[in-house]
Amino acid sequence: MSVLAVHSLSKAFGGVRAVNEVGFAVERGEFLAMIGPNGAGKSTCFNMINGQLAPDSGEILFEGKNIAGLVPRTIWQLGVGRTFQVAATFGSMTVAENVQMALLSHAREIYSLWRPAGEMHRERALDLLEQVGMREAADRPSRELAYGDVKRIELAIALANEPRLLLMDEPTAGMGARERHELIELVKRLVVERNISVLFTEHSMDVVFAFADRIIVLARGRVIADGDAAAIRDNAQVREVYFGTGKTFAQSTSQGAAS
Amino acid sequence: MTLSAFLFQALNGLSTASGLFFIAVGLSLIFGVTRIINIAHGSLYMLGTYIAYSFATKIGGVLGFWGGILATALIVGAIGALIEIVLLRRIYRAPELFQLLATFALVLVINDATLWLWGPEDLLGPRAPGLGGAVEVLGRKLPTYDLFLIFVGPLVLVILHFALARTRFGRLIRAATQDREMVGALGVNQSILFTSVFALGALLAGLGGALQVAREPANLATDLVAIGDAFVVVVVGGMGSITGAYLAAVIIAEVKALCIGIGVVDFGFISVNFSKLTLVAEFLVMAVVLIARPYGLLGRAQATVRSIAEPEEPIRPATPMLKALAVTVLALLLCLPLLAQSSPYLLILGIDVLIAVIFATSLHFIMGPGGMHSFGHAAYFGLGAYGAALLVKWLGVPMGLALAAAPLVALAGALLFGWFAVRLSGVYLAMLTLAFAQIVWAAVFQWEGFTGGSNGVIGVWPPPPFDKSWVYFVLTLLLAVTGVLLLRRFLFAPFGYAMRAGRDSPLRAEAIGIDVKRVHWLGFAIAGGVCGVAGGLFAFAKGSISPETIGVGRSIDGLVMVLLGGIQTLTGPIVGASVFATLQDTVMRQTEYWRALLGAIILLLVLAFPQGIVGAFAAIWRKGKIEKSEGAS
Chain A
466 MSVLAVHSLS KAFGGVRAVN EVGFAVERGE FLAMIGPNGA GKSTCFNMIN
516 GQLAPDSGEI LFEGKNIAGL VPRTIWQLGV GRTFQVAATF GSMTVAENVQ
566 MALLSHAREI YSLWRPAGEM HRERALDLLE QVGMREAADR PSRELAYGDV
616 KRIELAIALA NEPRLLLMDE PTAGMGARER HELIELVKRL VVERNISVLF
666 TEHSMDVVFA FADRIIVLAR GRVIADGDAA AIRDNAQVRE VYFGTGKTFA
716 QSTSQGAAS
Chain B
76 MTLSAFLFQA LNGLSTASGL FFIAVGLSLI FGVTRIINIA HGSLYMLGTY
126 IAYSFATKIG GVLGFWGGIL ATALIVGAIG ALIEIVLLRR IYRAPELFQL
176 LATFALVLVI NDATLWLWGP EDLLGPRAPG LGGAVEVLGR KLPTYDLFLI
226 FVGPLVLVIL HFALARTRFG RLIRAATQDR EMVGALGVNQ SILFTSVFAL
276 GALLAGLGGA LQVAREPANL ATDLVAIGDA FVVVVVGGMG SITGAYLAAV
326 IIAEVKALCI GIGVVDFGFI SVNFSKLTLV AEFLVMAVVL IARPYGLLGR
376 AQATVRSIAE PEEPIRPATP MLKALAVTVL ALLLCLPLLA QSSPYLLILG
426 IDVLIAVIFA TSLHFIMGPG GMHSFGHAAY FGLGAYGAAL LVKWLGVPMG
476 LALAAAPLVA LAGALLFGWF AVRLSGVYLA MLTLAFAQIV WAAVFQWEGF
526 TGGSNGVIGV WPPPPFDKSW VYFVLTLLLA VTGVLLLRRF LFAPFGYAMR
576 AGRDSPLRAE AIGIDVKRVH WLGFAIAGGV CGVAGGLFAF AKGSISPETI
626 GVGRSIDGLV MVLLGGIQTL TGPIVGASVF ATLQDTVMRQ TEYWRALLGA
676 IILLLVLAFP QGIVGAFAAI WRKGKIEKSE GAS
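Residue numbers (this note's numbering), protein chains in the order written: chain A, 466 to 724; chain B, 76 to 708.
Now the structure itself:
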């Protein structure tokens with residue numbers, strides 16, 4: 466069974482069909498990229514899967530259970546982690562407390578009124594921080610961190626509920642080329658260790674073609690291509706959508722890496 | 076009730092609706108463009124009635140009355156412009172809580188200025204020249220002036236509508252309502268736009284007030300009643316929608332008029348006097364609308380307000396120094412009864428301060444860590460106080476039981492009101508909580524048979540040995556310490572963390588499985604319950620409780636205490652409450668114009684010490700520490 470299976474998912478805003486009969490699947494342990502030009506419907510699609518938007522029609526099966534229309538927190542509780550396009554933390558907490566918050570919620574302990582939270586799940590939080598390379602910063606106020614570090618904290622938070630599926634909305638947005646690769650390498654290592662499936666959207670083609678196991682391409686609300694990096698590179702329709710001509714991704718990849 | 080009586084009441088409702096519309100529409104316009112909730116809008120309305128009264132009586136005749144109404148509108152409009160230029164312009168970038176407080180300070184100042192100029196008596200204006208008679212409608216006499224008011228409201232609505240649709244000024248207002256930054260980026264002079272919108276809103280409020288002069292006496296309590304009604308109208312109609320404001324004004328006025336029209340109905344086993352239920356009806360309308368449409372009938376969701384407040388430090392358990400300080404203060408307080416033998420007043424002051432500490436700490440619990448700026452915390456104080464006092468009055472329960480019931484009554488009220496309140500945020504939440512508090516106040520005031528109305532409940536004295544002030548002081552101290560420590564414990568527990576997570580980023584909190592509304596709702600209820608303890612203690616400390624002591628003024632006192640101490644620290648509300656309650660009991664009681672004095676303190680606080688006392692000290696201390704460490708390295 467696929468970890469995530471999307472069937473004929475649709476959403477219209479007014480008269481515009483932002484997502485139109487989209488279907489795809491994410492297999493266990495797969496690192497799947499969803500790309501497409503601006504306005505292709507990636508964000509809409511993403512927000513329906515994470516519960517931010519309710520679809521007009523279609524099914525979203527997570528491990529066989531339909532999660533379409535559920536609220537984000539329920540989807541999270543089922544075992545789906547997520548990171549945001551613009552990373553941020555709970556600004557009034559330390560780095561460790563941010564991770565502890567997610568652990569407390571996962572353990573269903575947030576309504577506890579008595580035990581001091583500072584010591585609860587601290588070891589596990591430090592362990593997660595160790596894995597994203599942020600153990601040293603554990604007791605610093607999280608709002609003091611640099612943006613690249615905030616991204617790492619967010620990753621530690623996303624792993625706190627031991628998700629089987631991780632949704633990452635443009636994980637490298639706003640980062641430089643080297644930082645970008647380091648972060649994705651880290652993500653890839655962590656999810657492979659845990660056998661977590663990942664669905665991510667991305668604008669940086671260098672990242673997509675270097676790391677994704679498989680790529681699906683959205684344009685005007687529809688899936689126009691689905692395959693590995695080589696297949697997507699050679700797909701005439703994809704080239705058409707991105708460049709309007711027969712240019713290839715070989716060039717774009719090198720340009721992307723340079724920028 | 077017959078059909079004709081029913082229709083007659085409906086007509087009456089329409090004339091009231093016009094008055095409501097005039098206040099609400101200005102409030103809504105000003106909010107749309109400047110994002111400031113002008114609490115002083117009710118005061119401008121009240122000023123309108125007073126100024127028009129002076130014109131009508133001093134000059135008299137047709138000119139004095141009708142000319143006076145127009146002149147009043149212009150004068151109040153000019154006052155509005157002045158307020159915008161002198162005060163509001165300085166605080167557009169301040170956190171919204173401070174803007175709300177600043178406009179509330181204006182309420183206090185304007186109220187005392189009115190008292191000083193016109194005196195405390197109600198002033199009823201003359202009948203309108205030319206419209207003094209009555210016409211026969213459906214076999215009843217309807218004053219011609221009311222008929223006139225029925226048409227004035229829609230007339231102004233149509234004029235405003237066309238002005239907004241067709242003129243350049245109107246287009247600017249609509250553009251600014253949608254995207255203020257963009258209008259500024261396009262090179263529109265924002266200062267002039269803001270000033271003129273504020274003046275227009277004030278003018279409408281002044282006009283509305285002036286038109287009431289032949290209908291109702293000018294009264295010093297009008298300001299808060301008017302703003303409470305206007306809030307409900309604006310919340311129901313939708314912020315920034317002019318047509319929504321009229322629609323909501325009509326709905327609310329009609330529901331009230333019909334309640335009065337229905338009167339006493341005998342259901343066989345119980346007879347209900349509907350005319351006493353007008354405020355409850357208003358609340359029900361609002362509740363229904365907010366469940367169905369959280370942004371009002373014709374309103375749209377506002378873009379999330381960016382938080383400009385200083386980022387908050389992570390909370391830390393008390394340092395040994397703080398613990399030592401707390402123990403010292405506690406020991407000193409326990410010694411107070413010994414000192415009090417020479418000056419018994421000290422104990423009364425001590426009890427007042429401790430009650431204020433419970434009140435402010437419970438308010439801070441939801442305001443600070445919860446991020447819910449309640450402008451109606453007095454409701455739970457009142458529920459606690461009345462809950463205890465009425466149990467004593469009607470059932471004769473002993474003090475211990477009454478004091479135990481106080482937080483439960485307040486908790487029940489907070490659970491009910493909080494359920495609605497957490498569905499909104501920012502200024503909407505502030506307005507809704509204020510409206511709830513007004514409803515509690517009005518229910519107490521109107522339900523004379525049960526609550527004693529304006530006389531309140533008297534004779535709620537503690538039994539021996541608590542009749543000795545030092546014993547009662549020790550009891551209060553015990554409960555205050557328990558309350559404060561309990562709330563502090565909750566804040567350090569996972570629940571407190573979850574509450575802060577929901578405040579810091581609702582989106583991210585939901586994304587890690589936290590039901591933010593539920594957490595905030597429970598936080599609201601806990602704060603309400605603890606606040607009820609303060610209310611219960613207050614009732615027994617004073618031996619009586621009256622509507623006056625649970626009015627909106629107490630809610631605002633709480634806000635001032637929290638802000639005075641500093642909202643971002645856990646010890647802030649304790650210091651703030653102590654300083655404020657002491658000032659109130661000593662300095663402010665000395666003058667008749669204490670409201671203006673309080674207003675001045677608030678304005679000073681908002682303009683000069685936005686971090687509060689403890690916050691300012693903490694900042695200086697941190698700065699010193701950094702300099703020291705830099706000097707060492």
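All residues carry an ideal CB built from backbone N, CA and C; glycine is no exception.
Cβ of residue i within 9 angstroms of any chain B Cβ
{"i": "Gln550 of chain A", "result": "no"}
{"i": "Gly583 of chain A", "result": "yes"}
{"i": "Ala567 of chain A", "result": "yes"}
{"i": "Val481 of chain A", "result": "no"}
{"i": "Ser508 of chain A", "result": "no"}
{"i": "Val682 of chain A", "result": "no"}
{"i": "Asn626 of chain A", "result": "yes"}
{"i": "Leu578 of chain A", "result": "yes"}
{"i": "Ala553 of chain A", "result": "yes"}
{"i": "Arg538 of chain A", "result": "yes"}
{"i": "Gly556 of chain A", "result": "yes"}
{"i": "Asn512 of chain A", "result": "no"}
{"i": "Arg493 of chain A", "result": "no"}
Segment limits, alpha helix (DSSP H) that includes residue i
{"i": "Glu658 of chain A", "result": "642 to 659"}
{"i": "Ile642 of chain B", "result": "Careful: Ile642 of chain B lies outside any alpha helix (DSSP H) and carries neither H nor E."}
{"i": "Pro412 of chain B", "result": "395 to 414"}
{"i": "Thr666 of chain A", "result": "Element bounds for Thr666 of chain A: not the alpha helix (DSSP H) but the beta strand (DSSP E), 662 to 666."}
Chain-order list of residues whose beta-carbon lies under 8 angstroms from that of residue i (same chain, five-residue window excluded)
{"i": "Phe549 of chain A", "result": "Glu619, Asp634"}
{"i": "Arg605 of chain A", "result": "Thr559, Val560"}
{"i": "Trp773 of chain B", "result": "Summary: the structure shown does not reach residue 773 of chain B, with chain B confined to residues 76 through 708, and so no result is reported for it."}
{"i": "Phe130 of chain B", "result": "Gly139, Phe140, Gly142, Gly143, Ile144, Ala146, Thr147"}
{"i": "Leu504 of chain B", "result": "Met447, His448, Ser449, Ala496, Val497"}
Cut-off 7 angstroms between Cβ atoms - residues of its own chain near residue i, not counting five sequence neighbours on either side
{"i": "Trp596 of chain B", "result": "Gly493, Trp494, Val497"}
{"i": "Ala384 of chain B", "result": "Confidence at Ala384 of chain B is low in this model, with a pLDDT of 49, below 50, so the placement of that residue is unreliable and no value is reported for it."}
{"i": "Ile105 of chain B", "result": "Ile111, Asn113, Val272, Phe273, Gly276"}
{"i": "Gly319 of chain B", "result": "Gly312, Gly313, Gly371, Leu372, Leu373, Gly374"}
{"i": "Lys216 of chain B", "result": "Ala209"}
{"i": "Ala66 of chain B", "result": "The structure shown does not extend to residue 66 of chain B, since chain B spans only 76 to 708, so no value can be given for it."}
Chain-order list of residues whose beta-carbon lies under 6 angstroms from that of residue i (same chain, five-residue window excluded)
{"i": "Ala460 of chain B", "result": "Gly610, Phe613, Ala614, Ile620"}
{"i": "Ala169 of chain B", "result": "none"}
{"i": "Lys398 of chain B", "result": "none"}
{"i": "Gly462 of chain B", "result": "Ala480, Ala481, Val484"}
{"i": "Arg575 of chain B", "result": "Pro444"}
{"i": "Val536 of chain A", "result": "Gly516"}
{"i": "Gln513 of chain B", "result": "Gly303"}
Residue-level contact to chain A via CB, residue i, 9 angstroms cutoff
{"i": "Leu316 of chain B", "result": "The amino acid occupying residue 316 of chain B in the given sequence is Ser; Leu does not appear at that position. No, no contact with chain A."}
{"i": "Ser437 of chain B", "result": "no"}
{"i": "Pro170 of chain B", "result": "no"}
{"i": "Ser580 of chain B", "result": "yes"}
{"i": "Glu387 of chain B", "result": "yes"}
{"i": "Arg697 of chain B", "result": "no"}
{"i": "Ile441 of chain B", "result": "no"}
{"i": "Val308 of chain B", "result": "no"}
{"i": "Lys700 of chain B", "result": "no"}
{"i": "Pro569 of chain B", "result": "yes"}
Extent of the continuous beta strand (DSSP E) to which residue i belongs
{"i": "Gly488 of chain A", "result": "481 to 491"}
{"i": "Asp634 of chain A", "result": "630 to 634"}
{"i": "Val210 of chain B", "result": "209 to 212"}
{"i": "Arg687 of chain A", "result": "687 to 692"}
{"i": "Ile500 of chain A", "result": "496 to 500"}
Complete runs of the beta strand (DSSP E) confined to the segment 538 to 622 of chain B [at least 3 residues]: none
Given a limit of 9 angstroms on CB to CB distance, which residues of the segment 667 to 691 of chain B reach chain A? none
Taking Cβ-Cβ distances below 7 angstroms as the criterion, which residues of the segment 606 to 625 of chain A are in contact with chain B? Pro606, Arg608, Ile622
Which full runs of the beta strand (DSSP E) of 3+ residues lie inside the segment 132 to 182 of chain B, going along the chain? none
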